[in-house]
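S.K.: Got a structure for you, written out below as structure tokens; questions coming shortly.
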Amino acid sequence: MPMTQTAPTSRAAADVTFEGVVKEFGATRVLHGVDLAVRPGELVCLLGPSGCGKTTALRVLAGLEQATAGAVRIGGQDVSRVPTHRRDVGMVFQAYSLFPHLSVRANTMFGLRRRGVERREAARRADDALGLVGLDHLAERYPHQLSGGQQQRVALARALVTAPRVLLLDEPLSALDAKVRTGLRDEIRRLQLRLGITTVFVTHDQEEALAVSDRIAVMDAGRIEQVGAPEELYLRPASPAVAAFVGHSSVLPADVVGGRAHVLGAVAPVLGERADGPAEAFVRPENVRLLDATDTAGVAGTVEESMFLGSVRRTLVRTADGHLVRVQHRAGERLAFGESVRVALDDVPLAVR
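Each position in the sequence shown, counted from 1, maps to that position plus 98 in this note's numbering.
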């Protein structure tokens, strides 16, 4: 994405805080006392399955929904009762929400004109914002003349043109095809780093969250399960819900004894505290080794399927006792359906439930 224009003049990045935020729709409680602190200039993803409350939390932050209890602060100021247009936030939604009868430039400058900025100045700032997203050369076109990715870039420029202290992104890439989504995802991250703008990004796509975040807040059933850097959540999930949602895992029967899990013929340390007894272990495919059928390590199994994923291959193995284990291995290592193999677990900490 070319970045030939100057960035919109931005005030200092603001911190964002949720303090015990509760949101109820009638008798249904959607948010259960959400606490979260986003540092100035940080990009934090709210990640979780559909219906977990992440979009509701974003809408409460934006002022599009009012919290039933608790407080929302931007830059230290309680904005819980402040209307949306006075919260100094920019929003990008999944739907592009562009005015079809307005040009790209007019769409981008719309918010400035509503704020009373003179037309010539608004047009100049709109062109600068379009330059940030690489679309200044398309300023005279109309939305129907643009691709989906280009329309979402216009929506991003429109959110940035007012130089907000906080940028809110509500699943902005989910309507795009895979290649465009990946490219625009990376561009958004580079732009966010360049501008240093505090950003809250809602997504259900774990790969998206892992790729762009400084930190991720994993949500489940209206609560935040864990907040941490992508590496922390992936390698040391705080709960089975986080382990199940972040990354791919095989869920296998285990027996916990003295803080160690006996699984796949091996013994591995358990993350956190867990009482002794039967359990289920979350085993990452990259932590399982694929061995020849004549090897003595691990447990025996047969190949159910093997998928080529480009740089790696992911194979599903059914063990002799009927459990399915995903194994990630070299792409060039081809396996046939029904082939006999053995699988062995690396000595890595495991999340169990």
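By construction, the Cβ of each residue, glycine as well, lies at the ideal position given by its N, Cα and C atoms.
In chain order, which continuous runs of the beta strand (DSSP E) of length 3 or greater are located wholly inside the stretch 152 to 190?
M.R.: 167 to 172, 187 to 190
S.K.: Please classify proline 181 as buried or exposed, where buried requires at least 16 neighbouring CB atoms within 10 angstroms.
M.R.: exposed
S.K.: Just verifying my parser: in three-state terms, what is the DSSP assignment at glutamate 437?
M.R.: Residue state, collapsed to three classes: coil.
S.K.: If you reduce the DSSP assignment to three classes, tell me which class glycine 209 lands in.
M.R.: helix
S.K.: Name, in chain order, the residues that DSSP records as bridge partners for phenylalanine 116.
M.R.: Leu134, Val170
S.K.: So who's on the other strand from leucine 145, going by DSSP bridges?
M.R.: Thr301, Val316
S.K.: Who pairs with isoleucine 322 in a beta bridge, going by DSSP?
M.R.: Met317.
S.K.: Please report the straight-line C-alpha distance between serine 337 and alanine 315, rounded to a whole angstrom.
M.R.: 13 Å
S.K.: Quick one: residues in its chain with C-beta nearer than 7 Å to the C-beta of alanine 221, no 5 flanking neighbours on either side, listed in chain order?
M.R.: Cβ within range, chain order: Arg203, Met207.
S.K.: Given this structure, state the Cα-to-Cα distance separating leucine 388 from glutamate 163, to the nearest angstrom.
M.R.: 51 Å
S.K.: Please name the residue, chosen from Val450, Glu285, Leu369, that lies closest to aspartate 353 on a Cα-to-Cα basis.
M.R.: Val450
S.K.: Check each candidate in Leu244, Ala112, Arg218 and name the one with the smallest Cα separation from glycine 188.
M.R.: Ala112
S.K.: Do you know offhand how far leucine 228's Cα is from glutamate 329's?
M.R.: 34 Å
S.K.: Is it true that the CB of serine 438 sits closer than 8 Å to the CB of alanine 377?
M.R.: Taking 8 Å as the cut-off, the Cβ atoms of alanine 377 and serine 438 do not count as close.
S.K.: Where threonine 417 and valine 423 are concerned, what is the direct C-alpha to C-alpha distance, given to the nearest angstrom?
M.R.: 7 Å
S.K.: Return the bridge partner residues of proline 351 from the DSSP annotation.
M.R.: Glu378
S.K.: Using only alpha-carbon positions, find the residue among Leu267, Glu238, Thr260 that is nearest to valine 250.
M.R.: Per the sequence shown, the amino acid found at residue 250 is glutamine instead of valine. That would be Leu267, whose Cα lies nearest to the Cα of glutamine 250.
S.K.: Tell whether a beta-carbon distance below 8 Å holds between alanine 379 and glycine 408.
M.R.: Result no, Cβ atoms of alanine 379 and glycine 408 do not sit closer than 8 Å.
S.K.: Out of Gly246, Leu448, Lys121, Asp312, point me to the one whose CA is closest to valine 136's CA.
M.R.: Asp312
S.K.: How long is the line joining the alpha carbons of arginine 185 and alanine 341, rounded to whole angstroms?
M.R.: 35 Å
S.K.: Roughly how many angstroms separate the alpha carbons of tyrosine 240 and alanine 193, rounded to a whole number?
M.R.: 16 Å
S.K.: Need the endpoints of the alpha helix (DSSP H) that glutamate 330 sits in, please.
M.R.: Secondary structure note for glutamate 330: its alpha helix (DSSP H) is the uninterrupted segment 328 to 333.
S.K.: Of all the options Gly370, Gly357, Arg358, His360, which has the alpha carbon lying nearest to the alpha carbon of alanine 333?
M.R.: Alanine is not the amino acid found at residue 333; the sequence shown has leucine there. When only C-alpha atoms are compared, the closest one is Gly370.
S.K.: Are glycine 168 and valine 114 close, meaning C-beta to C-beta below 8 Å?
M.R.: no
S.K.: What runs of the alpha helix (DSSP H), each 4 residues or longer, lie entirely inside the stretch 187 to 270?
M.R.: 202 to 212, 217 to 230, 246 to 258
S.K.: For alanine 253, which residues from the same chain have a beta carbon less than 6 Å from its beta carbon, with the 5 sequence-adjacent residues on both sides left out?
M.R.: Here the set comprises Val190, Tyr194.
S.K.: In angstroms with no decimal places, state the Cα-to-Cα distance between leucine 293 and serine 272.
M.R.: 24 Å
S.K.: Measure from the alpha carbon of isoleucine 295 to the alpha carbon of each residue in Phe343, Glu402, Val142, then state which is nearest.
M.R.: Val142
S.K.: Pick from Gly232, Leu134, Gln243: whose alpha carbon is nearest that of leucine 196?
M.R.: Gln243
S.K.: Please report the distance separating the alpha-carbon of aspartate 374 from that of glycine 357.
M.R.: Between the C-alpha atoms of aspartate 374 and glycine 357 there is a straight-line separation of about 7 Å.
S.K.: Proline 447: which of Thr154, Glu384, His427, Asp419 sits nearest, CA to CA?
M.R.: Glu384
S.K.: Please report how far the alpha carbon of histidine 360 lies from the alpha carbon of alanine 366, in whole angstroms.
M.R.: 7 Å
S.K.: For serine 245, count the other beta carbons within 10 Å of its own beta carbon; 16 or more makes it buried, fewer makes it exposed. Which is it?
M.R.: Counting the other Cβ atoms within 10 Å of the Cβ of serine 245 gives fewer than 16, which makes it exposed.
S.K.: Across which residues does DSSP place histidine 360 in a beta bridge pair?
M.R.: Asp353, Val365
S.K.: So the candidates are Gly420, Leu282, Asp390; which of them puts its Cα closest to the Cα of glutamate 402?
M.R.: Gly420
S.K.: Excluding the five sequence neighbours on either side, which residues of its own chain have a C-beta within less than 7 Å of the C-beta of threonine 166, listed in chain order?
M.R.: Val120, Lys121, Glu122
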